[in-house]
Amino acid sequence: MTLTEAHVGLYSGLSQDFPTEAGLVPELLPLCLTTGLGWRIPHPPLAVLAFMGFEWEVLQPVRVGDTIHSIARIAVKRSMREGGVIVEGREVINQRGEIVHRGRFTYLVAKRPKP
Amino acid sequence: MTDSRRYFDDIAVGEAYDSPGRTVTEADIVIFAGLSGDYNILHTDAEFMKSSIFGERIAHGLLGLAIQSGLFTRAGIPYATLGLGTLRWKFKGPIKIGDTIRVRARVTAKEEGSKRDRGVVTVERQVLNQRDEVVQEGETDLIVERRPAG
Chain S
32 MTLTEAHVGL YSGLSQDFPT EAGLVPELLP LCLTTGLGWR IPHPPLAVLA
82 FMGFEWEVLQ PVRVGDTIHS IARIAVKRSM REGGVIVEGR EVINQRGEIV
132 HRGRFTYLVA KRPKP
Chain B
-15 MTDSRRYFDD IAVGEAYDSP GRTVTEADIV IFAGLSGDYN ILHTDAEFMK
35 SSIFGERIAH GLLGLAIQSG LFTRAGIPYA TLGLGTLRWK FKGPIKIGDT
85 IRVRARVTAK EEGSKRDRGV VTVERQVLNQ RDEVVQEGET DLIVERRPAG
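Chains as they are written, first to last, in my numbering: chain S, 32 to 146; chain B, -15 to 134.
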């Protein structure tokens, strides 16, 4: 996804969260975009019951005009009686192959319904 | 030009802030779905959600995070923030259309780093709704400029 002024304008208007410097993108915006990017992969999406929480690290600034994509890997899977917990590691990478943001998302995921 | 932003040196551990409230509307959810590309039915299908445990569409958790981030800057005199270092966040409860959220924040730690011009301020935050229920909470390690010398 190439980040544009329109993304920044829409996001900042919605949240009142502005970039710290002109030309940069607000730091939570790439995080917000990875949730949508995750729907565009050929795998079926996780049957998420709840997004429980996450940890996130900003490594490098992201600028208007940068193109980012994200890579997600399942790191932990823990089964419970009803559903289970999945921890997914995510990296946001720019057009130069640099990891700009990374973190871990924790989801409560449904179990396959019994027939 | 006077700079009224608060530098790392001016911020004290234990400071606490309360932001104004912000009512979350259907429009916020629709715009956020469009912006992020996250069209999960939890946020976009009102008919499906009638039979869910929430009974109606709920806001994206990250929409709540984005709104609280903006509310934090309205909760007191803004910091001279250089950036967000790290954050650890939990989603405790749903944000529904028409809910009014606000953020309550407290500085829990300050740490000087290796770079002389900046330090890290850890702020613990809670996002509360109009019933004083905590819907989200977490900690942010903000990178804040030190007062320039001279």
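Even glycine gets a Cβ: it sits at the ideal position worked out from N, Cα and C.
TODO: Report the rounded CA-to-CA distance for T92(B) versus E(-1)(B), giving the unit in angstroms.
DONE: Numbered from its first residue, the second sequence carries residue 92(B) at position 108. Numbered from its first residue, the second sequence carries residue -1(B) at position 15. Rounded to whole angstroms, T92(B) to E(-1)(B) spans 8 Å at the Cα level.
- [ ] Closer than 7 Å by C-beta to L59(S): which residues in its own chain qualify, once you throw out the five before and the five after it? Chain order, please.
- [x] Stepping through the first sequence from its first residue, residue 59(S) is reached at position 28. Counting only Cβ-Cβ distances below 7 Å, and skipping sequence neighbours, we find D48.
Task: 8 Å contact criterion, which G48(B) and I85(B) should meet: CB distance rounded - done: Along the second sequence, one-based indexing puts residue 48(B) at 64. Along the second sequence, one-based indexing puts residue 85(B) at 101. With 8 Å as the limit, G48(B) and I85(B) qualify as a contact, their Cβ atoms being about 7 Å apart.
Open item on the list: What does the Cβ neighbour count give for Y42(S), buried or exposed, with the cut at 16 atoms within 10 Å?
Closed with: Sequence index remark: in the first sequence, residue 42(S) carries index 11 (1-based). Per the 10 Å Cβ criterion, buried.
Task: Continuous beta strand (DSSP E) assignments of at least 3 residues falling wholly in the stretch -2 to 23 of chain B - done: 0 to 2
Open item on the list: Would E86(S) pass as an interface residue toward chain B - the criterion being a Cβ-Cβ separation below 7 Å?
Closed with: Here the question's residue 86(S) lines up with position 55 in the first sequence. Chain B, which has a Cβ nearer than 7 Å to the Cβ of E86(S), makes this yes.
- [ ] Inspect the beta-carbon positions of Y63(B) and R(-10)(B) and report whether they are closer than 7 Å.
- [x] Counting from 1 along the second sequence, the entry for residue 63(B) is found at position 79. Counting from 1 along the second sequence, the entry for residue -10(B) is found at position 6. In this structure, R(-10)(B) lies closer than 7 Å to Y63(B) by Cβ.
TODO: Check whether the Cβ of K80(B) lies closer than 7 Å to any Cβ atom in chain S.
DONE: Reading the second sequence from its first residue, position 96 is the one you call residue 80(B). By this cut-off, K80(B) is not an interface position.
- [ ] Assess, as a yes-or-no matter, whether the stretch 116 to 125 of chain S is touched by the stretch -4 to 16 of chain B under the definition of 3 or more beta carbon pairs within less than 8 Å.
- [x] no
TODO: Would you mind telling me which residues of chain S sit closer than 7 Å to I51(B), beta carbon to beta carbon, in chain order?
DONE: On the second sequence, residue 51(B) is found 67 positions in, with the first residue counted as 1. Neighbours of I51(B) on chain S, chain order: S46.
- [ ] With G85(S) as the anchor, note down where its beta strand (DSSP E) starts and where it stops.
- [x] Indexing the first sequence from 1 puts residue 85(S) at position 54. For the record, residue 85(S) in the displayed sequence is Phe; it is not Gly. Counting along the chain, the beta strand (DSSP E) containing F85(S) begins and ends at 79 to 89.
TODO: Report yes if the C-beta distance between I99(S) and P61(S) is below 7 Å; otherwise report no.
DONE: Walking along the first sequence from the start, residue 99(S) turns up at place 68. Walking along the first sequence from the start, residue 61(S) turns up at place 30. Yes.
Open item on the list: Taking the alpha-carbon of F(-8)(B) as reference, which of T28(B), E96(B), L112(B), V118(B) has the nearest alpha-carbon?
Closed with: For this step, residue -8(B) is matched to residue 8 along the second sequence. The candidate whose alpha carbon is nearest that of F(-8)(B) is E96(B).
TODO: Give the straight-line distance between the Cα atoms of R109(B) and G67(S), rounded to the nearest whole angstrom.
DONE: By one-based count along the second sequence, residue 109(B) stands at place 125. By one-based count along the first sequence, residue 67(S) stands at place 36. In a straight line, the C-alpha of R109(B) is about 26 Å away from that of G67(S).
Open item on the list: If you reduce the DSSP assignment to three classes, tell me which class V131(S) lands in.
Closed with: Translated into the one-based positions of the first sequence, residue 131(S) becomes position 100. The answer is strand: DSSP assigns V131(S) an E or B state.
Task: Proximal residues to D125(B) (C-beta, below 6 Å), its chain only, five neighbours per side dropped - done: Walking along the second sequence from the start, residue 125(B) turns up at place 141. Answer for D125(B): G69, T70, V104, T106, listed in chain order.
Open item on the list: I need the DSSP call for T35(S), collapsed to helix, strand or coil.
Closed with: Position 4 of the first sequence, counting from 1, holds the residue named residue 35(S). Looking at T35(S) - three-state DSSP - the assignment turns out to be coil, as it is neither helix nor strand.
Open item on the list: Considering only DSSP beta bridges, list what R94(S) is partnered with.
Closed with: Counted from its first residue, the first sequence places residue 94(S) at position 63. Paired residue(s): L55(S).
TODO: Using alpha carbons as the reference points, say which of K94(B), R102(B), R90(B) lies closest to E121(B).
DONE: For the purposes of this step, residue 121(B) is taken as residue 137 along the second sequence, with counting starting at 1. The option with the nearest alpha carbon to E121(B) is R90(B).
Open item on the list: If the criterion is Cβ atoms closer than 7 Å, does the pair G120(S) and R135(S) meet it?
Closed with: If you number the first sequence from 1, residue 120(S) lands on position 89. If you number the first sequence from 1, residue 135(S) lands on position 104. Contact flag set, yes.
TODO: Show which residues of chain S have a CB atom less than 7 Å away from the CB atom of L66(B).
DONE: As a working note, residue 66(B) is residue 82 in the second sequence. By Cβ distance, chain S contributes T51.
Task: Rounded distance between the beta-carbons of K76(B) and V128(B), thought under 8 Å - done: Counting from 1 along the second sequence, the entry for residue 128(B) is found at position 144. Counting from 1 along the second sequence, the entry for residue 76(B) is found at position 92. Between K76(B) and V128(B) the Cβ distance is about 27 Å, and since that is not below 8 Å, they are no contact.
- [ ] In the DSSP assignment, find the unbroken beta strand (DSSP E) run with A93(B) in it and report its ends.
- [x] For the purposes of this step, residue 93(B) is identified with residue 109 of the second sequence, where counting begins at 1. That run of the beta strand (DSSP E) goes 84 to 96.
TODO: Pair every Cβ in the stretch 122 to 135 of chain S with every Cβ in the stretch 36 to 43 of chain B, then say whether three or more of these pairs are closer than 8 Å.
DONE: no
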